[in-house]
Each structure stands twice: as C-alpha cells, then as structure tokens.
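Novice: Protein sequence lines correspond, in order, to chains C and H.
Here full-length UniProt numbering is used: the first residue of the first sequence is 1, the next is one more, and so on.
Here full-length UniProt numbering is used: the first residue of the second sequence is 1, the next is one more, and so on.
Beta carbons are placed, not taken as given, at the ideal position from N, Cα and C, and that holds for glycine.
Provided herewith is a single structure, encoded as structure tokens, for subsequent inquiry.
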Amino acid sequence: MFSLNNQLELRKVTISSLITCIYLPSIITFISYRGLLYSVGNGSSFYILVLIFLAELLKSFYLNASSDIQAKKNKASKSRVSDILKSFVFLLVVLFSYFVGIILFGAPLLECHEETLMLAALMTLLTVFPLIAHTGVEASMQLVFGIKTYGKDTIIQMLINNSLLTVCGAWLGAVVIPLDWNTPWQQWPIPCYLGAVGGYVLSNVLTVLKVSLMTAAQKYPALNFVVKVMNSLHNAKKI
Amino acid sequence: MLGWQKHRWIGLCLLIIALGAFILFLYGFFPLKYHSGKVAHMDDLPNFIHGVSIDGQEVYNSGEHSVVLMVIDSLRYDFVTEEYMPFTAELLKNKSACIYVSLAEPPTVTMPRIKSPERKILKAQWRRTINFWRDIFAMMTGSVSTFADVALNFGAPAVRGDSVLRAAAARGRRSVMYGDDTWLRLFPGLWAEYDGTTSFYVTDYTEVDNNVTRHLDKVLTPDDKNKPTFDFLVLHYLGLDHIGHLQGARSPQIKPKLLEMDAVVKKIFTAMKKWDRNGVLFICGDHGMRDAGGHGGATPAEVLVPLVVDKSDDFECPHPLGPGPTVAQVDMAPSISWLLNVPIPGDSTGRVLPALMPQDIRQHLYLLHVMSAHNAKQPALPTDTEVFRQFMRAEKQFAQYLATGQQSAAKIAKEFYEESLEGMAKHLTETTVNFDLFALGVASLLLYIVAAALLSIVLFSLQPAHRKISGTHHHRPSKAGIALAYFVISAICIFLLTTACFLTETKSRLCSFDPWWAIAFILIALTFSLTYFILKSAIEHTKDLTTLKDLNAIDYLLIGGTLFHAWSFFGTSFIEEEHMTWYFFWNTLMLFVLVRTLTVLMVYIGKRLTGSTEVQDKPELHKKMVAGVEVLPKWIFLIALHRYLRTMNQTGDRWLFLPDTADWLNEPQNSHILQIQMVIGTLATLLICIRNLQYSNNILQMHTALTVLSTLCILAYRVATKSLDCLFSDVETWDTVIIVNVFWGLITAQFVFEFLTYIGIFKTCGLNNTTLNKPCEPCGHKFEYTKPKAKTEDYFYDSMVEEPWNVNEVKLNLVRSISHLMLNNMMLVVILLMRPHNVIMVPSIYLTCVLTSKCLDHKLLDAKSGRNTETVDVVSQTLAHLWIGYVFFFYQGNSNSLASVDLGSGYVGLREYCPIRVAARMGLHAYAGPALAGCTLFCTLPVVAETWEQYLQSVWRACNIFAFQRVYTLAIYCVIAIFFRHHLFVWSVFSPKLLYDLTATVFTVQALSTIAVIVGLAHMTSWVARVVTQKSRL
C-alpha cells in the first residue's frame, strides 16, 4: 500500500505513471495507424524499443532527480562508468535469461528467434531496466527475488508492481494464440508483446487511479473501501 | 446411511453412480438408430397391391438413364443466377431444368496449409471425412446417419450399409468418380473408374478443378452405339470452396469460377443431348458459404443450397418459375436409384423428386407405393399411427385403380400416398435424429447432484482427523427412522420424476414404463435420494475447514486451474486444442515453482554472503535450504525436458500439420537417434524400477532379476519388430507373440512371488509363534533368506515382546511394496506398448512426478513451519499428479479426436483379434500418462505416510479428489454438450470428446478400484496371517 506521508514521492509516482500512460499508448496508436502493429515482432520494429528505452531513461532521471542527499552521495562515490557497464552486463544477462525462459516455456525452438529476442528485450526494458536505473544493480537483484523488502519506498513499490503486471500480461497474452479465429494478430509473439505492454500500462493506470482515489478518500472516507479493494488487486503479492 | 460419508470408498461408489448417469446421458445423446443393414434387392419390389397382381420389375423400370451428379462445393443458392451461371439460368427459365432448395447439413473443412508427412494426412482426413460424411451419406444411402455410424469406424470411415452405389454396382452399373477423394474413402471398391483429387492445398483453386474437367471429354464421348460409357458419374468440384476460404463470397475470383462451372454444365448438357440414351444431370452444392467465405454456422447462406435437376429430353419442369420447393438431401438416393433402375437402398427414407416422377399414372402410383411401403417397413415406424392407416387406404385405392382403371381412384390414391409419405418422413426424422432430451436432463441433473455430493465429501475429508471422531457422538437417529426417511424421499423422487414425465409429454424411452426401463427409472429415483442423503450428512458434518488456510499460491493455482478447465470447453477450439490449456497450466505451475526455488536460492546466497548466523544456528533450516537449492538445477532440467517432450507430437487440430520431432525421428536417416532415445528410455525405466524395488521384499534379488529379464524381453520385442538393430541377428526372427507372452509371465511371476513371500513369512512366523517367549534374535534368524534387505526384518520383531503383532506396519509395508510393483509393471507394460519415439515419456513421467512432489512440499516452500501440512499436501499432490497425467496424455500425441487413437498398440503380442484384450491395450496405451501419474501418486502415499491409519486417510482424500474432478468435468461437459447439440461440430468435436470422457471415467473407476483391491489385499493377508497364527497357537 502506498503511504500518503511522503507527498513528494507520491507526486513523482503519479507523474511518471501519467507519462507512461500517455507515451506508451501513443506509440502503439502510432504504429497501428501506420499499419505496423502486426510487425512488432520483426527486427524492423527495433525503434519502438529504442523509444521505450529513452522514455524510461528520462523517467528514471526524473524519479532520481531529487532523491535524498545520501543516495546522491552513494552514487557519487562510485565511478559512473563502471556502474553503467555493470548495469549493461546485467541487462544482457537478464535479456538472455528471458530469451531462454521464453523458449523453455514454449516459444518456437528453431525458428522465430528474432521475434523471441524482441519480446525478451521488451520484457527486460519494461521490468528490470527501470529498477536498475532507479536503484542500481545489486539492490534491484535483491528486490526482484524479494529478499529485500521495499518497505515504504513508494517508487520501488510502483516499479515492482509494474514489472509483475508486465510479466502477467505477457503470460496471459499467450492464451489467445490457440484460438481458431485465424486473425493476423495471433502470430507469435504479437499477443505476448502487446500483453506485456498492456500489463505495463494497466499497472500505471492503476497506480494513478489509486493515488487519486487515496487523495479523494481523505475528503470522502466512503471511498476507503474502494481503495482497499484496489490495493488488494494491485499489490499482486509475490508468489 | 447417514454415516456413509465417512466410508472410505464412498467416492468410488459415487463415481460408479456417475458413470451410470453418464451412460444414460450417452444413450440420450446418441440415439441408437437402427440401421437394419438390409441390402435392397430387385425381388423386394412388391408384386401385389392389396391382392391385385402387378409386375413390379416391369413397372418400376424407368428406362435407360445415365445420371451425372455434379457437386460444386460451397455452391450457394444465390449463385445460380443469370449473372454467375447464365446457361443454367437459361435452362431454368425455359423450364428444361428444375431448381429445388435443399437443406444442407453443412460440413466444415479446416484446411491444412503446410505439406506434412503421410501419417498426419490420415489423421486430418478423418475430420474432413466426418464432416463430409453426413451429406454424402444422406445423398447416397437416403437415410440420416448417426454418430454411432462414425464412431464405429475409427480409422477408415467407410459406409458399410446399403447405398445407391452398392446397389448400382450389384446390378452391374458403371459408376465413375472424378473429384474430391473423400468419395473414394467413403465407398471403397464400388467405382469402375475414378480419379480422386486431394483437397488439402487450399491455395490451389484452378488445378483441383482442371483435374476433374480434363476427364470430361473422354468420359462424355459416347461409345460406338452412341451410348455413354457410364451409368453414374460423380463430379466433385472443390475450386469454389477454396476461393471462398481464401477470399470470401464477394471475391472477384468467384464469378470466373462460376462461369467455368457453367461452361462445364453446358458441356455436359450438350453432350447428353447427343446420346441415344436419356441423361439426367443433378447439380448441387453440399453447403453454402458465408459472405466472409467460411462456412461453419447455420445461417441461411450456409445451409440453403440449390439442387438443379435437368434431363436431356422430354422434360419440362412442373414447378412455376422462381425458387423451387424445398426438398431433403435424402431424396437424392431414391431418385438416383430409380433412374438407374436399381432398388432403393435398404435404409432410405427419402422419395423421388417430384419433377422426375413419371407421367404414366400406373408407374407414378407404383413408385409412390414402393417408397411408402419402403418407409412403412422401417422399424421405427409403428403400425398403429394415422400415417400408416393412410398408407393402407392409399393402397386400397391403388388396387381399385389397377382393377377398374378409375381415374378418380388414382387421384385419391395419389393424394393419400403423398400425405402418408410426408407424415412418414416427418415421423422418421423425429424419432431417429432427435435427442432424448428427457434422458439428457435427468442424467445431467444426476451428475450434478453426484458432483455436489463428492465436493461435500472432499471438503468433509479435508477436515483434521480428530474432529471427525468427536463429531459422531451426537445423537444418532434410529435405523428405522433413517430407513423411513429414505423411503419417503425416494417416493417423492419417483413421484417428481413421473410428474415430469407426464408434464413434458416426452417421447423418451425412459418414460415408456417398459419393465426394463421402469427398473432403470426406479433406480434413478433411488440414486437421487441416496445421493441427497450423502450430500446432506456430509454437509452437516463439515465443520472445521481450517486446514484450507494452509493453501498457498501454488495450491490455489492448482485448484483454480482444475476448476476452470472444465468451463473452457464452452469454446470449440478449447476442446480441439485442449492440450494447449494443459500446457499453459503446466507451464504456469512450472514458472511458479521456478520463482519459488529461485527465491530460496537467492535467500541462501544472500545469507551466505552476509554471513548471517541464522542459517548456521539452525541445522534443519540449513538442510531445508540446501535441499531447495539443490532442486533448482533439476527443476530447470525438467523444464527443458518438458519443452522437448512438447515438440514430440503435434496434436489437436490446427497445428497437427506442423512437422514435429516424432516425424524427424521416424525418418530413415535418423533411425539411430530414435534407437538411442528408445534404449535410453527403456534403460532409465529399468533403473527406476530397480530403485523402486527397495520397497518390496526383494529376497535374493529375485525381483531385480525378474525386472531385468522383462526389460530384456521388451528389447527383444523391439528387435523382433525391426525397430531396433541388434548384433545378434537371430533375435530378429523370434516370434513377437512368444516374447510378449514370456513378458506377461515374468510380470505375473513378480506379483505371485511378492505375495508368496508375505504369506510365506507369516506362515513360518505363525509356526514359530509357539515359541513366543523366545528372544527376537533367533526368531529373525530363522528366516535367513529375508536377510538381503534390512527392510523385511525390521518390521515384525521390533515390538514383538509386548505386542506380538504390529499388523498395521506389516500392512503398510505390504501396500508399499504392492503399489511399487504395480507401478513398475505398469511402466514396463506401457514401454512395451508405446511407439518407439514415445518410450522416453515413461521415465519422464516418473521423474516429473517425483520432482514435482518434492517441490510442492509445503514444508519446503512455506516459511512458517511446524504446522501439520499433511492434508494440504495430499490436495496439492493429487491435483499436480492429475495435471501431469493430462499433460503427458497430450505429449504422447493424443487429442480429443477419434483419429488420434492408436490402433496399432492394441495388437501388440496378439495373433488374432480379441475385443477385450485389444481394447484394454489400446486404453492403457492412450491413458498411459494419467495411469502412470496416478500410480506414482498412490506409490508416494504409503511412503510418506508413517502409520497405516495415516495412509488410509490420505488414500481416502486422494480418491475423493480424483472422483470429484472426474464427475465435475463430466457434469459441466454434459451441459455443454446439451447446449451445443445442434452445433455444427457436434460430430467432429463434441461427440468424440464425450467418448473420451466415457473412457476416462471408466479408467478412473478401474484405477480407484485397483487401489481399493490393494488395500483389501492388505487386510486379507493380515487376516490370513491371523487365522494361521491362531491355529498354530492352538
């Protein structure tokens, strides 16, 4: 549950979620307008990933911008370059494990590697990258496996929720593949790709909704029940 | 009766009741249509009309005709217009042809897109053939077919009964066929000349038709007497259908295609005009198409098809212009038969098309008489109906006409005949095609109440054990009271059912109150009340469900997935692609467990790195964590293994055609890899078997020897069937039947040996018991041959001094060893039956089961320990094993279509056909996955259990859950089947699934009874031992 204590963090969370709610759907709208929606698996759609990467990077700058001074000190003490290198390697490892994982869980084994790779890259970008950009490699590793509890840190909470819902979305996206509708979007990996994006956007929408509801609930206590329900929905507990 | 919910095998009994209810359901769903199998003969034509003699054969003779049947796939009613088919429209306009509206039973065709190996084409052809079956069957036999006709020929669908083609062939008529090869499969051996085109390449819409048209010139050219060379010609054009599938009904390709068809019509018509013989041309579609191009629904565009009839000379259509009258598809058969001057097929219920009826009144009336007499002979038509009396009156009038030549009598006779024919056709379709809705309703209601009872029993059984005892002490109603209550409730049930019978005015046989049906009726009512009582008392005694609070996320996934799966069948594609559902569930489960184990690993590493003392301080925690860490690589290996197995056999319907690993392995150049894999599978099973023998009385390593020998038998069998190369070439010449018989002998010997050791030990024990005061040592010493395994020793003399017999422990041991022996032998048998590439499945099932049960252990996963998680463990283990069974069922290449039944496995080691043995083999082969997984579960239960009571308790729970899952699926699926009974796929998708469910239920009953028998054997052995002991004491 988000705490209302830290108004600054809350505002940051809301704004960054709002940005996501705007930029991701507009990218999707744009490519579907251009008729490229069904080519998201191709390597030619790499620019989408670049766009998402840039957006997430900017968002993380915004989120990190005025973190407390101690964190800044920590950051400053380490060498910037090695940090970036380390995160890069870590991202590659995550990408590879996503790739292998997706294949193990049923993606085509011998063909469609390009598509699977794009999906893996998207998943990495949406799940692990924001975490790394926010907290650094070690901390994010611990966070992913639920060793470190994120306590009252609203931003990290949001990021973790985002990545969980992204994975759920991609996982549930696969449901439509076996249906016999014979539509063009049932090709691998479009449902999973769009499912991941959808999960991510949904998570952000939920965040915005929740924050606004919580603020409203301070005025109208009757809304507290709704907030509770939303919390139980959104805070997808770690398995 | 009130305490019955506590009975250990009540779940099994309820399952058997559910099986009965399901059979009632099947009875209602597949009306047992009586196909007389009667073969029509010319001598059957009546020679007396009400006593007036008439020369049947002479009057029946229609003259010489050559019939051309031109089937244009997907020809819609509105395609026969001036715009698309100008020549045909011209013919219709000047009345030299007639058009009828024919109601099609639309088949659907799912077209494969990729070239695929031979064995799969057969599988896919099955579905296509079944979908075609109804139309062609109706056209050619004149009767509506039922699913039983289809289900009884799995692999080779062929019409067995009488048909126009059979009658024509018997009378020496030449039938020629060009076009879709489904006709050839349905009527094998009845064609004088044929060229079948396969309809698999949907992108091709010119070549398929050219393949038909190119024969036309030759076949239409008359011989030197200016007569055509054939009597009956079938042309089946597929191009239009393919265009529809590719581009839809508005495609620009449609018009040229129809013009091409029109040109063919013109060609045939002009050729017919030149012959010296009367030619008749039928043009019809077998189904229409949607505007979008597909067909599969029941919209008018899909089911209304034109039927154009046209004769080369002296023909004028009697009907006014415009859309013609509606006829049935079954009318084609008698029309063609009569034109060919062959008898009407035995089971035909149709009538000759009105436009073709002869002008001559005598012949006209005679034909009408033949058709109505034919219908009147149908067994489904009782003689006391108004329709039948009308027929008798018509016959009288006809006889009067024949005797006196009165025109008025002829007119009346004609009217009466028409009326009775109409009535008969209505009656016959009603009684033979309609579902017995009353039986369906009663059966599904019964299934529902049984499912509810089982659910309550499952919940009841999940209560902690001590609660159960305390609950029983309350006031117990007297036996007489219970009996009275039961009697009253049964009476109410019978009354309600009877009222329902009369209120719905059903024609169901269930309400016919025949002696036999009345017994069934009363039994149903009794079952209703019985189930009601069980349900009631189980609900009343379920008070403490705190154990359910221990369920974790994985358990919820297991429960939710199992419950949801039954509902997924509301989508047809989820039935056809049921394997996808299970793969998805199983993947999700594997992902959950993977995350779980990863977390444990990370925690462990974290603790190690930070050097926290917590782990070192608590050794059991440390142990737990190490176990969790060790399991991770194994789990990843398991995921990879499953990934591999999933590619082994493509199954379902849509992706059946993709090449899979099995195809690759079966290619001749890869045979050595296949052999290696097979040998690995067999040897791994051998290892597992030998490992499992630790639980049995492996005296003098006898079991090991027997197991190795039987594995050798299996390998020898493989060599003898040429699927394995061998250094010793003379093994190849061995007789497979003998090898398999030796194998059975070895397996039986294992069981007998096991029992003998148990009983033998007891016997000697009993004799020994006279010297009860002796210390343990010499006692144990007496049985030196039991030494090799420490296990056999430790159970009987530990507590010998005070309590002489620790019977329960012995029982537990016996159950352990028998269950493991059963698992071993079942694995070996399955390996023997499996196809070479599937052998690897068997050790994989065992591995999966073992690893999964390790990973799902609540003690390993949950942070809070110390709780008694035994009950929850049983729930999650049972469900997980159920899932594993289903997953492997589909890995193995099974699906919900009858085409995937492997007939070959039924004949392993058999010289001649023996229905029971073949069915048992085929069943065990098809359900190898569920059977082995279930068996492994029932092997782990006694190993995990510490006491005999605990074992019984967990077996009780597991059995209840198994039974509940089965009945729950059945109940939901029955409603789905009722709901979709008019669905287009009812034969190719819904009905086969019903048969699969029936088999699964039968096998579940069989499996649970086997467990019951094992427990019973344990009891019996101890009873025998006790008797022997007492005797020897005396």
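Could you compute how far the alpha carbon of Q329/H sits from the alpha carbon of L69/H?
Specialist: The residue labelled residue 329/H in the question sits at position 329 within the second sequence. The residue labelled residue 69/H in the question sits at position 69 within the second sequence. Taking the straight line from one Cα to the other gives about 13 Å.
Novice: From what residue to what residue does the beta strand (DSSP E) around A97/H run?
Specialist: Taking the first residue of the second sequence as 1, we reach residue 97/H at position 97. Its beta strand (DSSP E) spans residues 97-103.
Novice: Would you mind stating whether Y60/H and Y366/H have Cβ atoms separated by less than 8 Å?
Specialist: Here residue 60/H corresponds to residue number 60 of the second sequence, with the count starting at 1. Here residue 366/H corresponds to residue number 366 of the second sequence, with the count starting at 1. Yes.
Novice: Could you give the C-beta distance for V908/H and V740/H, rounded to a whole number, given that I count them as a contact under 8 Å?
Specialist: Looking up residue 908/H in the second sequence gives position 908. Looking up residue 740/H in the second sequence gives position 740. That belief holds up - the Cβ atoms of V908/H and V740/H are roughly 6 Å apart, short of 8 Å.
Novice: Can you give the Cα-Cα distance for I190/C and A928/H, rounded to whole angstroms?
Specialist: Numbered from its first residue, the first sequence carries residue 190/C at position 190. Numbered from its first residue, the second sequence carries residue 928/H at position 928. Approximately 36 Å, taken between the alpha carbons.
Novice: Terminal residues of the continuous beta strand (DSSP E) containing N278/H?
Specialist: The count along the second sequence starts at 1 and reaches residue 278/H at position 278. 278-284 is the span of the beta strand (DSSP E), which, as asked, contains N278/H.
Novice: Take every Cβ of the stretch 84-92 of chain C, pair it with every Cβ of the stretch 103-111 of chain C, and state whether three or more of those distances are shorter than 8 Å.
Specialist: Contact fails: fewer than three Cβ-Cβ distances are below 8 Å.
Novice: Chain H beta carbons: is any one of them nearer than 8 Å to that of residue 265/C?
Specialist: Outside the displayed span of chain C (1 to 239) sits residue 265/C, for which this structure offers no information.
Novice: Below 8 Å between beta carbons: does that hold for G239/H and D209/H?
Specialist: The residue labelled residue 239/H in the question sits at position 239 within the second sequence. The residue labelled residue 209/H in the question sits at position 209 within the second sequence. In contact: G239/H and D209/H (Cβ atoms closer than 8 Å).
Novice: Going by the DSSP bridge assignment, what does F232/H pair with across the sheet?
Specialist: Working through the second sequence from its first residue, we reach residue 232/H at position 232. Its beta-bridge partners are V67/H, S175/H.
Novice: For a quick check, are the C-beta atoms of Y237/H and G179/H less than 8 Å apart?
Specialist: As a first step, residue 237/H is located in the second sequence; it is residue number 237 there, counting from the start. As a first step, residue 179/H is located in the second sequence; it is residue number 179 there, counting from the start. Yes, Cβ-Cβ distance for Y237/H and G179/H is below 8 Å.
Novice: Taking buried to mean at least 16 other C-beta atoms within 10 Å of its own C-beta, is K479/H buried or exposed?
Specialist: For the purposes of this step, residue 479/H is taken as residue 479 along the second sequence, with counting starting at 1. Label assigned to K479/H: exposed.
Novice: Please confirm whether W635/H and V887/H have their CB atoms less than 8 Å apart.
Specialist: Along the second sequence, one-based indexing puts residue 635/H at 635. Along the second sequence, one-based indexing puts residue 887/H at 887. Their beta carbons are not under 8 Å apart, which means W635/H does not touch V887/H by this criterion.
Novice: By Cβ distance, which residues of its chain are closer than 8 Å to I972/H, with the 5 residues on each side in sequence left out?
Specialist: Locating residue 972/H in the second sequence gives position 972, counting from the first residue. Around I972/H: A566, W567, F569.
Novice: Between the beta-carbon of residue 1035/H and the beta-carbon of A453/H, is there less than 8 Å?
Specialist: Beyond the ends of chain H as shown, which are 1 and 1034, falls residue 1035/H; an answer cannot be given.
Novice: Kindly say whether T108/H, judged by its beta-carbon, lies nearer than 8 Å to any beta-carbon of chain C.
Specialist: Here residue 108/H corresponds to residue number 108 of the second sequence, with the count starting at 1. Note that T108/H scores 39 on pLDDT, short of 50, meaning its location in the model is unreliable and no value can be drawn from it.
Novice: List the whole-angstrom C-beta distance separating L924/H from A933/H, where the pair is believed to meet the contact cut-off of C-beta under 8 Å.
Specialist: The residue labelled residue 924/H in the question sits at position 924 within the second sequence. The residue labelled residue 933/H in the question sits at position 933 within the second sequence. Contact doesn't hold; Cβ gap of about 14 Å is too wide.
Novice: By Cβ distance below 6 Å, which residues in the same chain neighbour D873/H in space, the five residues on each side in sequence not counted?
Specialist: Within the second sequence, the letter at position 873 stands for residue 873/H. The residues are H858.
Novice: Strictly under 8 Å for the Cβ-Cβ distance: is F137/H near chain C by that measure?
Specialist: Walking along the second sequence from the start, residue 137/H turns up at place 137. Output row for F137/H: interface = no.
Novice: Let's see if you can read the secondary structure: which residues bound the beta strand (DSSP E) around T197/H?
Specialist: For the purposes of this step, residue 197/H is taken as residue 197 along the second sequence, with counting starting at 1. It spans 193-197 - the beta strand (DSSP E) in which T197/H sits, taken as one unbroken run.
Novice: Please identify, using Cβ separations under 8 Å, the residues of the stretch 101-131 of chain C that lie next to chain B, in order along the chain.
Specialist: The chain inventory of the structure shown lacks chain B, comprising the protein chains C and H.
Novice: A174/C versus chain H: which residues are under 8 Å apart at the beta carbon?
Specialist: Numbered from its first residue, the first sequence carries residue 174/C at position 174. Chain H residues near A174/C: F584.
Novice: Since I639/H meets chain C, which of its residues come closer than 8 Å, beta carbon to beta carbon?
Specialist: Taking the second sequence and counting its residues from 1, one reaches residue 639/H at position 639. Going along chain C in sequence order, the residues near I639/H (Cβ under 8 Å) are L104, F105.
Novice: Could you pull out every residue in the same chain whose Cβ sits closer than 7 Å to the Cβ of D181/H, ignoring the five residues on either side in sequence?
Specialist: Mapped onto the second sequence, residue 181/H falls at position 181. Excluding sequence neighbours, D181/H sits near G196, T197, T198.
Novice: Could you check if L903/H is buried or exposed, using at least 16 other CB atoms within 10 Å of its CB as the buried criterion?
Specialist: Along the second sequence, one-based indexing puts residue 903/H at 903. By the 10 Å Cβ count, L903/H comes out exposed.
Novice: Where in the stretch 870-953 of chain H do unbroken runs of the alpha helix (DSSP H), each at least 4 residues long, occur, reported from the N-terminal end onward?
Specialist: Segments of the alpha helix (DSSP H) lying fully in the stretch 870-953 of chain H: 870-891, 915-926, 928-944.
Novice: Could you name the residues of the same chain whose beta carbon sits closer than 6 Å to that of E82/H, not counting the 5 residues immediately before and after it, in chain order?
Specialist: Against the second sequence, residue 82/H aligns to sequence position 82. Around E82/H: A89.
Novice: For S1009/H, which residues in the same chain have their Cβ closer than 7 Å to its Cβ, ignoring the five residues on either side in sequence?
Specialist: Numbered from 1 along the second sequence, position 1009 holds the residue referred to as residue 1009/H. Closer than 7 Å at the Cβ level, and outside the excluded window around S1009/H, lie L12.
Novice: Measuring alpha carbon to alpha carbon, tell me which residue in I283/H, V875/H, A394/H, M371/H is nearest D550/H.
Specialist: Here residue 550/H is taken as the residue at index 550 of the second sequence, counted from 1. The shortest C-alpha separation from D550/H is found at V875/H.
Novice: Quick one: measure Cβ to Cβ for P942/H and V810/H, integer angstroms, because I've assumed they're closer than 8 Å.
Specialist: Stepping through the second sequence from its first residue, residue 942/H is reached at position 942. Stepping through the second sequence from its first residue, residue 810/H is reached at position 810. Between V810/H and P942/H the Cβ distance is about 12 Å, and since that is not below 8 Å, they are no contact.
Novice: Please identify the residue among L712/H, A425/H, N697/H whose C-alpha is closest to the C-alpha of N375/H.
Specialist: Position 375 of the second sequence, counting from 1, holds the residue named residue 375/H. Among L712/H, A425/H, N697/H, the Cα nearest to that of N375/H belongs to A425/H.
Novice: Can you list, in chain order, the residues of its chain with a C-beta nearer than 6 Å to that of L632/H? Leave out the 5 residues immediately preceding and following it.
Specialist: By 1-based counting over the second sequence, the position of residue 632/H is 632. Cβ within range, chain order: T597, L601.
Novice: So L591/H contacts chain C; which residues on that side make the cut at Cβ distance below 8 Å?
Specialist: To locate residue 591/H, count along the second sequence from 1; it is residue 591. The contacting residues are F105, W171.
Novice: Classify D725/H as helix, strand or coil using the three-state DSSP reduction.
Specialist: Start at 1 with the first residue of the second sequence, and residue 725/H comes out as number 725. Correct three-state label for D725/H: coil.
Novice: Quick check: is the beta carbon of T786/H nearer than 8 Å to any beta carbon in chain C?
Specialist: One-based indexing of the second sequence puts residue 786/H at position 786. Below a pLDDT of 50, predicted positions are generally treated as unreliable, and T786/H, at 33, falls in that range; the measurement from the model is reported next regardless. No, T786/H lies away from the interface with chain C (no Cβ there is under 8 Å from its Cβ).
Novice: Taking only runs of the alpha helix (DSSP H) that begin and end inside the stretch 45-126 of chain C, which ones reach a length of at least 4 residues, in chain order?
Specialist: You should have 46-65, 69-77, 80-104.
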